[in-house]
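Beneath this line is the structure, given in structure tokens, with notes to follow.
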Amino acid sequence: RTIDKEGWLHTGDIGYIDNDDELFIVDRLKELIKYKGFQVAPAELEAIILSHPHISDVAVVP
């Protein structure tokens, strides 16, 4: 079940909301994304996306 009965979306990421109601993703429970038979590390995708000159920050969420 991806969305629980309280409306939370379960992505496999670990995060928190601070006192200013800002969301921070700090870690992952799931380390690989499965795509068309391939297993891809989110960090690998993030590195590729960050190599674009117009991208300053990225987070890949499986």
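In terms of the UniProt record's numbering, the sequence shown has 21 at position 21, counting the first letter as 1, and numbering is strictly consecutive. Glycine included, every Cβ here is placed at the ideal spot set by N, Cα and C. Here the structure is a predicted model, which is why all the values come from computation and not from measurement.
- The three-state secondary structure of LEU29, taken from DSSP, is coil.
- Pairing SER51 with ASP20, the inter-Cα distance amounts to about 31 Å.
- Looking at the backbone, the Cα of ILE25 and that of THR11 are separated by about 11 Å.
- A Cβ-Cβ separation of about 5 Å places VAL58 in contact with GLU46 under the 8 Å criterion.
- A residue is called buried when at least 16 other Cβ atoms come within 10 angstroms of its Cβ; PRO53 does not meet this threshold and is exposed.
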